[in-house]
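Structure first, then comments.
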Amino acid sequence: MAEQRGQGPRGEQKGSGTWQNDGFNRATATTDPNGLRRETDYDALDRVIETRVCKVGDPQSDDCSSAISAVLMTVQARNLYGDVEVVTLPAGNVREYAYDAVGRVETMDTQPDVATETERVHYEYDVAGQRTDEIHQEWTGSQYEDRSHTRWEYDGCRLESMMNPWGGAGGPSLITTSYGYDVQDHLTSVTDAEGNVTTYVYSDRDLLTSETSPVAGTTTHAYDDHGDLRRTVDARAVQTDRTTDAAGRVTSVSYPTSSLDVTYAYDQGLNGLGRLSSITRNGASLVYGYDDLGRMVQDGDLGYDYDPTLRRANGETTETADRPLAGDHGLSMATASRSPIPPAWSPTTASTSPIARRR
């Protein structure tokens, strides 16, 4: 077992963590400063077959068999060629993969268990192995039917255009977004489906220095010696300045109006090492908290619970759809409140938007 503590390459202060390796020098267990432990098992060919994530009391002596939290276990099964065929997640739901003759993923099924068909994503490729089509399908009880289709086209090895389905006026069709590049493969232009062109300029360090569009005008960016973004000036000449700590994390964002300034704090509170702890604006603070497995459980006044698949079981629910909402459209947003948050807000509104958010 080894332990690491001290400073990072840029002088940032770090907590201590431990890691373990087996006789083949494979990482079998790591524990972060908050006591979050990750264990990994391998087969005879050095392939991962099982991972376990848990919270332990003593990083030096405890493992997931004596965890003080739930143990989240993920198991991988492989085919004769070594490709991942089935992934069983902590709640028992699975992802199944099928491959073509050259080992590329052809389909990915998402299912509540091995025996139940629900959703599938089908992939197609060109002769260079680049993905050209992604088709989302649903099980109807007897077969899979297409629901959406995205298509990509390339100029050699670079993405040249992307076509997405659009079900607006005139019926379903494909809308196209096109991309342009310079000789160093920097993205220099994006042309949307309406012909609007957004252009990009880069420094000799490959950092984006300006972007210009017919809608938003020109925005410029400046960086420090480490490549961290320091200043942004938009088309209205509004200047935004950023400061960072030794670890490169943003600690403050300043605006022309001081009441809009934002500060960020890290490494505080329970299980907070290496994580965002609070955001403060105009005297009001939004505090974050985390559970033993590093998942956010406090977001201001919002609290979250999780099911065994790491999905939020209680808290915020967001639904996004490209079709009319079922039920009463006038209640797609019923109420929303959040405190403290700078600036504080508590809207109550009716909406016909296809995005429903409930808090």
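Residue numbers for the sequence shown follow the working numbering, beginning at 803 and rising by one.
Here a beta-carbon is modelled for each residue, glycine too, at the ideal position from N, C-alpha and C.
Beta-ladder partner(s) of D1185, from DSSP: Residue 1185 is absent from the model: the chain starts at 803 and stops at 1161.
Would you kindly work out how many angstroms separate the C-alpha atoms of Y925 and T820, rounded to a whole number? By one-based count along the sequence shown, residue 925 stands at place 123. By one-based count along the sequence shown, residue 820 stands at place 18. Near 40 Å, if we compare the C-alpha coordinates of T820 and Y925.
Taking the C-alpha atoms as reference points, what is the distance between T978 and S1015? The residue you call residue 978 lines up with position 176 of the sequence shown. The residue you call residue 1015 lines up with position 213 of the sequence shown. Approximately 18 Å, taken between the alpha carbons.
Put L1062 into one of helix, strand or coil per three-state DSSP. In the sequence shown, residue 1062 corresponds to position 260, counting from 1. It is helical.
According to DSSP, simplified to helix, strand and coil, what is C856? Here residue 856 corresponds to residue number 54 of the sequence shown, with the count starting at 1. Strand at C856.
How would you write the range of the beta strand (DSSP E) that G1019 sits in, first residue to last? To locate residue 1019, count along the sequence shown from 1; it is residue 217. Where G1019 is concerned, the enclosing beta strand (DSSP E) stretches over G1019 to Y1025.
Could you tell me which residues DSSP puts in a beta bridge with E940? Against the sequence shown, residue 940 aligns to sequence position 138. The partner list for E940 (beta bridge, DSSP) reads E921 and E947.
Mind the definition here: the segment 885-895 touches the segment 905-921 only if three or more C-beta pairs lie below 8 Å; say whether that holds. yes
Specify the secondary structure class of S867 as computed by DSSP and reduced to three states. The count along the sequence shown starts at 1 and reaches residue 867 at position 65. S867: helix per DSSP, three-state reduction.
8 Å contact criterion, which I851 and V873 should meet: CB distance rounded: Start at 1 with the first residue of the sequence shown, and residue 851 comes out as number 49. Start at 1 with the first residue of the sequence shown, and residue 873 comes out as number 71. Incorrect: roughly 16 Å between the Cβ atoms, too far for contact.
Going by alpha carbons, who is nearest to R1007 out of R840, P914, H988 and G1019? On the sequence shown, position 205 is the one that residue 1007 refers to. Of the listed residues, the one whose Cα sits closest to R1007 is H988.
Along the chain, where does the beta strand (DSSP E) that runs through R1044 open and close? What you label residue 1044 is simply residue 242 of the sequence shown in a count that begins at 1. Note, R1044: beta strand (DSSP E), Q1041 to T1046.
Output the distance between the C-alpha atoms of T1082 and S1061, rounded to the nearest integer angstrom. By one-based count along the sequence shown, residue 1082 stands at place 280. By one-based count along the sequence shown, residue 1061 stands at place 259. If you take the alpha carbons of T1082 and S1061, they lie about 11 Å apart.
Integer-rounded CB distance, given that V916 should sit under 8 Å from V889: By 1-based counting over the sequence shown, the position of residue 889 is 87. By 1-based counting over the sequence shown, the position of residue 916 is 114. Contact doesn't hold; Cβ gap of about 11 Å is too wide.
With a cut-off of 8 Å on the beta carbons, I'd call D865 and R839 a contact; round off their distance for me. Position 63 of the sequence shown holds residue 865. Position 37 of the sequence shown holds residue 839. About 7 Å; that satisfies the 8 Å criterion.
Thinking S1080 and L1088 are a contact (beta carbons under 8 Å), I'd like their distance in whole angstroms, please. To locate residue 1080, count along the sequence shown from 1; it is residue 278. To locate residue 1088, count along the sequence shown from 1; it is residue 286. About 6 Å; that satisfies the 8 Å criterion.
Can you grab the Cα-Cα spacing for the pair S1141 / W954, in whole Å? Along the sequence shown, read from residue 1 onward, the residue named residue 1141 stands at position 339. Along the sequence shown, read from residue 1 onward, the residue named residue 954 stands at position 152. Annotation note: pLDDT 41 at S1141 (below 50); position unreliable, coordinate value reported separately. The alpha-carbon atoms of S1141 and W954 are separated by roughly 43 Å.
Residues near D1130 in its chain [Cβ-Cβ closer than 8 Å; skip 5 each side]: Against the sequence shown, residue 1130 aligns to sequence position 328. Only weak support is given to the placement of D1130: the predicted model assigns it a pLDDT of 45, under 50, and the value that follows is read from those uncertain coordinates. Hits under 8 Å: none found.
Identify which residue in T918, T1011 and D1036 has its Cα closest to the Cα of S944. As a position in the sequence shown, residue 944 is number 142, starting the count at 1. For the residues T918, T1011 and D1036, the minimum Cα distance to S944 belongs to T918.
Close beta carbons around Q932, own chain, < 6 Å, minus the five adjacent residues each side: Position 130 of the sequence shown, counted from the first residue, corresponds to residue 932. Once the five neighbours on either side are set aside, the close Cβ partners of Q932 are Y956.
In three-state DSSP terms, what is N836? Within the sequence shown, the letter at position 34 stands for residue 836. Residue state, collapsed to three classes: coil.
Which value, in whole angstroms, describes the spacing of the CA atoms of S1056 and D1063? In the sequence shown, counting from the first residue as 1, residue 1056 sits at position 254. In the sequence shown, counting from the first residue as 1, residue 1063 sits at position 261. Rounded to the nearest angstrom, the two C-alpha atoms are 5 Å apart.
Could you check what DSSP says for P967 in three-state terms: helix, strand or coil? Mapped onto the sequence shown, residue 967 falls at position 165. Three-state result, P967: strand.
Rounded to whole angstroms, what's the CA-CA distance from Y983 to E962? Just pull it up for me. Position 181 of the sequence shown, counted from the start, is the residue given in the question as residue 983. Position 160 of the sequence shown, counted from the start, is the residue given in the question as residue 962. Looking at the two C-alpha atoms, the distance is approximately 9 Å.
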